[in-house]
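Keeping their order, the protein sequence lines are chains A and B.
Numbering-wise (my numbering), the first sequence opens with residue 1 and increments by one.
Numbering-wise (my numbering), the second sequence opens with residue 1001 and increments by one.
Note that beta-carbon positions come from the ideal geometry of N, C-alpha and C, so glycine has one too.
In this text, all values refer to a predicted model and were calculated from it rather than measured experimentally.
Accompanying notes for the structure given below.
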Amino acid sequence: MNKHSKIGAGLLALAGSAQALALDKYIPTTDRIGDPAAGWNHLWSEVLVDITIMGVLFAVVLAYLMVKFRRRPGVEGGGVKELSVGAAIGWAIIPAFIFLADDLFVAANGWQLWNLQRTVPADRLEVRLESGMYSWDYTYPNGVRTQNVLKVPAGKPVLLRMTSRDTIHNHYMPDFKVKEDSMPGRITYLWFYPKEPGKHLVTCNEYCGVSHSYMSGQVEVMPPEQYQAWYEEEGAKLKAAAAAPAATEGSAPAAAPTAGAAAQDNKKPA
Amino acid sequence: MNLKEWVFTTDHKRVGILYLIGSVAAFVVAGIMALLMRAELSAMGPTLTANPTTYNVWLYAHGAVMILGFQIPALTGFAANYAIPLMIGAKDVAFPRLNAFSVWLFYMGVILALLTFVIPDPPDVLWTGYPPYSTITTGNTALYTFTVLLIGFASIIAGVNFITTIAYMRAKGLTWNKLNFFVWSILGSFVMQLIYVPVLGTAVLLVSFDKYLGTHFFDPTMGGDVLTYQNLFWFYSHPAVYVIFLPFMGIIMDIFATFSKNRIFNYKAAVYGGVWGIVIISGEVWIHHLYVTGMPDWLRIGQMVTTLMISVPVGLMTISLVGTLYKGSITFETPMLYALGTMFLFLVGGLTGIPLAVTSLTVNLSETYYVVGHFHYVMAVAGSLAIFSGVYYWFPKMTGRMVNETWGRIAFVFTFVGANVIFWTMMNVGVKEGLPRRYYDWAQFPQVAHDQMVMTIGSVIIGIGFAIMLLNWILSAAFGKKAGDNPWESKSLEWTTASPPPHGNWPKPPVLADDWSPYAYAKR
């Protein structure tokens, strides 16, 4: 536990300086807004067709040969001649070529989707995430902090800059088909495109400790006006609190939420 | 039969059987862990235990023991030791005492792994042992480190031994291109072990340094980096998949040839393209285990291409397997049933790996039940069925008795059905719901209740299959009917000596004719 808090304290300092440096030169930006989740569904169905065809082909041939060449009375040996040199080379080169062609086809499509997933639209909401055992702590551009609930406006891409204060966690949003580790001492990013208002699960996807399976959160996609109202109201509250001679400074962990209570206590088994 | 003779044996056959006993014991323990986990997951919320750490220890033990205690030793320990000297016509391995030493180290490793269930704070770091968790947990990370080191050291010694044996102790007239495919696969496996095991040893040692000696290799607050560990770990542990994969292909390839009474189709493509293709590419694909860790984007794309290219050597070996049946004269005894079962499971497992090679698809699939389903198909059940097909295959040679066929078939049906029930469902849940792996409780995903129950039932079915198999082995070893020297009518060299073979294997070292081949079956 001692070590744990030491890491936490060190990271606090580290996160401050590192996040100030930002990582913009590592985040390619685009003016176009694509939809990575839809792209994922598309590529998945394509690859699924590809592997199903190969699987069925091999399985059918295998089953056919098993039946066709089962031992029959009178046929003791089954040995056939070795392939000629030409045939052996052909049976190596041609299949290798076919497999390689398929690989490159899949890779090209995968790369295309990858570029979409890693190139973040310029018009976006940026939120910083610090994960810890066992919570997701979000910080908005105006300083508002929330825990385990990420409120975002519909129709605007969201970029998460992530780090962790203790072990490795992974911010996974199954509905948006995207995840990335958040790690101590490193900053990673992911983005997603929430289109419609609604609620979506956030779950931890990297073994992080005893209560790993209870580490969950929620993305709350709000109608843009409603989001804007909430954002400004919380921002104003924060300003008022800062103006007041509050004694909280220094004692608050980076992640103490300013808005609302934690969605749930992730440390307790349900 | 006295105990001292077995403990201090230097006979490769006895060493092999010791490896078999140790690894099957490990398999039973790790299998029970799997059943416990499935029971825990059968219903939402705490079921068997209310303490997630208990579950995490089962999870650790299941993964670490299955891979390090069962699959690698069963293939590169048991199968290699028992079959290689016999297949190449040698009277023993090159360094018999070193061989005995490596089996001792293996047993020490297994005993250390079993201490997990005795010590007060057992390791709960999974088989991967990622820091920072492994350096801050109250669980005993040192036990993990030393288990890995002991078994790893056993592997390195065995690697030196077997590469020397295969290079220098082949019978007169046994040229490289006449080797059984299995011999090639073991050679490839041990070349990889020699290259990569030291890297794993370094990684797990540094974790314990960090935890117990206060170093900061992986501690970012003091200039360390958490990802260094993951890179070192997977630099070994992806090749480790092929250390398992190659010998299991080797076993089923030889079984296919024997039970089809046929040559291996395009042998040279399978050896030089397949085995050595895998060995060459194996070290350039580890990033696919780090697809969602913020590794540089270009690297995640580069290794997507290398990972996909693995399909070429694997495809060549698969074509050789399928082609070996062509114009064969196939019989379906238990070893062949298990080998064919392996083939079908491997087909599903191999092909479902292709989406996981694609970085942009893995961004969703990584660390979900889909991954667990995939690698259990390709590695866990295909690998285990291949190992067991090998045990069934060499059983008459080892014991001089036949395994009971009827019970062998019954066990196969249970195992094959159970495996598909669990792992097909698992992949499905992973894709549809994104259910993460390594969850003690799936409270966040109430919609998977039905599937979880199906998987638990599947685990009982597969458990029954393995139990029947083990009982059948024990009873058949004692009461089975006499086997004779060559019950499968194979042309391979190990079947030309007595069952079980005497010390030294042959009264006189075999000399091979020019037209001899392990696959020279009568022409149709």
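For the segment 1413–1441 of chain B, which residues have a beta carbon sitting closer than 7 Å to at least one beta carbon of chain A? Taking a C-beta cut-off of 7 Å against chain A, the contacting residues of the segment 1413–1441 of chain B are E1433, G1434, P1436, R1438, Y1439, Y1440, D1441, listed in chain order.
Contacts that L1367 (chain B) makes with chain A (C-beta to C-beta distance below 8 Å): Translated into positions along the second sequence, residue 1367 (chain B) becomes position 367. For the sequence presented, residue 1367 (chain B) should be read as Glu rather than Leu. Ordered by position in chain A, the residues that pass the 8 Å Cβ test against E1367 (chain B) are N170, Y172, K179, N205, E206.
Status (buried if at least 16 other CB within 10 Å, exposed otherwise) for L1149 (chain B): In the second sequence, counting from the first residue as 1, residue 1149 (chain B) sits at position 149. Buried.
C-beta contact flag for G1159 (chain B) and F1190 (chain B) at 8 Å: The count along the second sequence starts at 1 and reaches residue 1159 (chain B) at position 159. The count along the second sequence starts at 1 and reaches residue 1190 (chain B) at position 190. Yes, Cβ-Cβ distance for G1159 (chain B) and F1190 (chain B) is below 8 Å.
What residue range is occupied by the uninterrupted alpha helix (DSSP H) comprising D103 (chain A)? Within the first sequence, numbered from 1, the residue matching residue 103 (chain A) stands at position 103. Boundaries of the alpha helix (DSSP H) harbouring D103 (chain A): 85–118, taken from the DSSP string.
Classify T203 (chain A) as helix, strand or coil using the three-state DSSP reduction. In the first sequence, counting from the first residue as 1, residue 203 (chain A) sits at position 203. Three-state result, T203 (chain A): strand.
When the cut-off is 8 Å and only beta carbons count, does P1446 (chain B) lie next to chain A? As a position in the second sequence, residue 1446 (chain B) is number 446, starting the count at 1. Not an interface residue.
Could you have a look at H277 (chain A) and say whether DSSP puts it in helix, strand or coil? Because chain A spans 1 through 270 in this model, residue 277 (chain A) falls outside it and cannot be assessed.
Where E1005 (chain B) and A1100 (chain B) are concerned, what is the direct C-alpha to C-alpha distance, given to the nearest angstrom? Numbered from its first residue, the second sequence carries residue 1005 (chain B) at position 5. Numbered from its first residue, the second sequence carries residue 1100 (chain B) at position 100. Here the alpha carbons of A1100 (chain B) and E1005 (chain B) stand approximately 12 Å from one another.
What does I51 (chain A) touch in chain B if you count any residue whose Cβ is under 8 Å from its own? As a working note, residue 51 (chain A) is residue 51 in the first sequence. Scanning chain B for C-beta atoms nearer than 8 Å to the C-beta of I51 (chain A) yields L1351, T1352, I1354, P1355, reported in chain order.
Shorter than 8 Å from the beta carbon of T29 (chain A) to some beta carbon of chain B? For the purposes of this step, residue 29 (chain A) is taken as the residue at position 29 of the first sequence. By this cut-off, T29 (chain A) is not an interface position.
Please confirm if R118 (chain A) has its CB atom under 8 Å from at least one CB of chain B. As a first step, residue 118 (chain A) must be located in the first sequence, where it is residue number 118. For R118 (chain A), a Cβ of chain B is located within less than 8 Å of the residue's own Cβ.
Which residues bound the beta strand (DSSP E) around K151 (chain A)? Looking up residue 151 (chain A) in the first sequence gives position 151. Segment 149–153, the beta strand (DSSP E) holding K151 (chain A).
In the DSSP assignment, what residue or residues form a beta bridge with S131 (chain A)? The residue you call residue 131 (chain A) lines up with position 131 of the first sequence. Beta-bridge pairing links S131 (chain A) to A:W136, A:S164.
Going straight from the alpha carbon of T1137 (chain B) to that of P1122 (chain B), what length do you get? Here residue 1137 (chain B) is taken as the residue at index 137 of the second sequence, counted from 1. Here residue 1122 (chain B) is taken as the residue at index 122 of the second sequence, counted from 1. The straight-line gap from Cα to Cα measures roughly 10 Å.
Is W1276 (chain B) helix, strand or coil when you go by DSSP? Taking the second sequence and counting its residues from 1, the one referred to as residue 1276 (chain B) is at position 276. Three-state result, W1276 (chain B): helix.
Kindly indicate which residue of A:Y207, A:T167, A:T139, A:G90 has the alpha-carbon position closest to the one of P257 (chain A). Indexing the first sequence from 1 puts residue 257 (chain A) at position 257. Put simply, of A:Y207, A:T167, A:T139, A:G90 the residue whose alpha carbon is nearest the alpha carbon of P257 (chain A) is A:T139.
Excluding five sequence neighbours on each side, which residues of the same chain lie with their C-beta closer than 6 Å to the C-beta of Q1071 (chain B)? Translated into the one-based positions of the second sequence, residue 1071 (chain B) becomes position 71. For Q1071 (chain B), same chain residues with a beta-carbon under 6 Å away, outside a window of 5 residues either side, are I1244, G1383 in chain order.
Identify the contact partners of I1301 (chain B) in chain A, using a Cβ-Cβ distance below 7 Å as the criterion. Taking the second sequence and counting its residues from 1, the one referred to as residue 1301 (chain B) is at position 301. Chain A residues near I1301 (chain B): W111, W114.
Could one say the Cβ of W40 (chain A) lies closer than 8 Å to chain B's Cβ atoms, at least one of them? In the first sequence, counting from the first residue as 1, residue 40 (chain A) sits at position 40. W40 (chain A) counts as touching chain B.
From L1035 (chain B) to F1412 (chain B), what does the alpha carbon distance come to, in whole angstroms? Taking the first residue of the second sequence as position 1, residue 1035 (chain B) is located at position 35. Taking the first residue of the second sequence as position 1, residue 1412 (chain B) is located at position 412. When only Cα atoms are considered, L1035 (chain B) and F1412 (chain B) end up about 19 Å apart.
Verify whether the separation of the beta carbon atoms of H220 (chain A) and V149 (chain A) is less than 8 Å. The residue labelled residue 220 (chain A) in the question sits at position 220 within the first sequence. The residue labelled residue 149 (chain A) in the question sits at position 149 within the first sequence. Before going further, note that residue 220 (chain A) is Glu rather than His in the sequence given. Closer than 8 Å, so yes.
Whose C-beta lies closer than 8 Å to the C-beta of R1170 (chain B) among residues of the same chain, with five residues either side of it excluded? Locating residue 1170 (chain B) in the second sequence gives position 170, where the first residue counts as 1. Same-chain partners within the cutoff: I1088, G1089, A1090, L1179.
Taking only runs of the alpha helix (DSSP H) that begin and end inside the segment 1275–1343 of chain B, which ones reach a length of at least 4 residues, in chain order? Segments of the alpha helix (DSSP H) lying fully in the segment 1275–1343 of chain B: 1276–1281, 1297–1309, 1311–1325.
Anything in the segment 1334–1348 of chain B with a Cβ closer than 9 Å to a Cβ of chain A? List those residues in chain order, please. The residues in question are L1340, M1343, F1344, L1347, V1348.
Quick check on W44 (chain A) - is its C-beta less than 8 Å from some C-beta in chain B? For the purposes of this step, residue 44 (chain A) is taken as the residue at position 44 of the first sequence. Closer than 8 Å to some Cβ of chain B, the Cβ of W44 (chain A) qualifies, so yes.
Pairwise C-alpha distance: A1030 (chain B) and A107 (chain A): Residue numbering aside, residue 107 (chain A) sits at position 107 when the first sequence is read from its first letter. Residue numbering aside, residue 1030 (chain B) sits at position 30 when the second sequence is read from its first letter. C-alpha separation (whole angstroms): 37 Å.
N-terminal and C-terminal residue of the alpha helix (DSSP H) that G1109 (chain B) is part of: Residue 1109 (chain B) sits at position 109 when you count from the first residue of the second sequence. Looking at the DSSP string, the run of the alpha helix (DSSP H) that includes G1109 (chain B) is 1096–1114.
Could you tell me which chain B residues have their CB closer than 8 Å to the CB of V61 (chain A), listed as they occur along the chain? Counting from 1 along the first sequence, the entry for residue 61 (chain A) is found at position 61. V1322, listed in chain order.
Taking L65 (chain A) as the query, report the chain B residues whose CB atoms sit under 7 Å from its CB, ordered along the chain. Walking along the first sequence from the start, residue 65 (chain A) turns up at place 65. For a Cβ distance threshold of 7 Å, residue set V1322, L1325, Y1326 of chain B lies close to L65 (chain A), ordered along the chain.
As assigned by DSSP and simplified to three states, the class of W191 (chain A): Working through the first sequence from its first residue, we reach residue 191 (chain A) at position 191. It is a strand residue.
DSSP three-state call for E249 (chain A): helix, strand or coil? To locate residue 249 (chain A), count along the first sequence from 1; it is residue 249. For E249 (chain A), the pLDDT reaches just 45, beneath the cut-off of 50, and the residue's location in the model is therefore unreliable, leaving the point undetermined.
What's the C-alpha gap between P1052 (chain B) and A38 (chain A)? To locate residue 1052 (chain B), count along the second sequence from 1; it is residue 52. To locate residue 38 (chain A), count along the first sequence from 1; it is residue 38. Whole-angstrom Cα-Cα distance: 36 Å.
With burial defined as no fewer than 16 other Cβ atoms inside 10 Å of the residue's Cβ, what is the status of H1236 (chain B): buried or exposed? For the purposes of this step, residue 1236 (chain B) is taken as the residue at position 236 of the second sequence. First, the residue type needs correcting, since residue 1236 (chain B) is Tyr and not His in the sequence shown. That one is buried.
In angstroms, rounded to a whole number, what distance separates the CA positions of L1470 (chain B) and V1065 (chain B)? Stepping through the second sequence from its first residue, residue 1470 (chain B) is reached at position 470. Stepping through the second sequence from its first residue, residue 1065 (chain B) is reached at position 65. Taking the Cα positions, L1470 (chain B) is about 18 Å away from V1065 (chain B).
Expressed to the nearest angstrom, what Euclidean distance is found between the alpha-carbon atoms of I33 (chain A) and R118 (chain A)? Position 33 of the first sequence holds residue 33 (chain A). Position 118 of the first sequence holds residue 118 (chain A). The straight-line gap from Cα to Cα measures roughly 12 Å.
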